[in-house]
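K.L.:
Sharing a structure, written as structure tokens. Questions coming.
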Amino acid sequence: LFYLMSRGLDETQAMQMIVRGFIEPITRELPMEYAVELQRLVELQMEGSVG
Numbered sequence: 137l138f139y140l141m142s143r144g145l146d147e148t149q150a151m152q153m154i155v156r157g158f159i160e161p162i163t164r165e166l167p168m169e170y171a172v173e174l175q176r177l178v179e180l181q182m183e184g185s186v187g
């Protein structure tokens, strides 16, 4: 998190990038409509949770 923030990302962007990195291998295995829905749900869950 600190590294990404030192490269110019704010805390929210850095956290989203890290979470996407963890769920990306899972979403690759899912059908496209499920992968899109999973990403949308994760973004909604993270909204307002950082800070």
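Taking this note's numbering, the leading residue of the sequence shown gets 137, the next gets one more, and so forth.
Don't be surprised by glycine CBs; every beta carbon is placed ideally from N, CA and C.
1) What number of angstroms, rounded off, separates the C-alpha of valine 172 from the C-alpha of glutamine 181?
2) Where glutamate 169 and glutamine 152 are concerned, what is the direct C-alpha to C-alpha distance, given to the nearest angstrom?
3) For the alpha helix (DSSP H) containing glutamine 164, name the first residue and the last one.
4) If contacts are defined as beta-carbon pairs under 8 Å, then leucine 177 and threonine 163 qualify, I think. What distance do you get, rounded to the angstrom?
P.N.:
According to the data block:
1) 14 Å
2) 20 Å
3) Per the sequence presented here, residue 164 reads as arginine, with glutamine not at that position. From DSSP, the alpha helix (DSSP H) with arginine 164 extends over 147-165.
4) That pair is no contact at about 11 Å.
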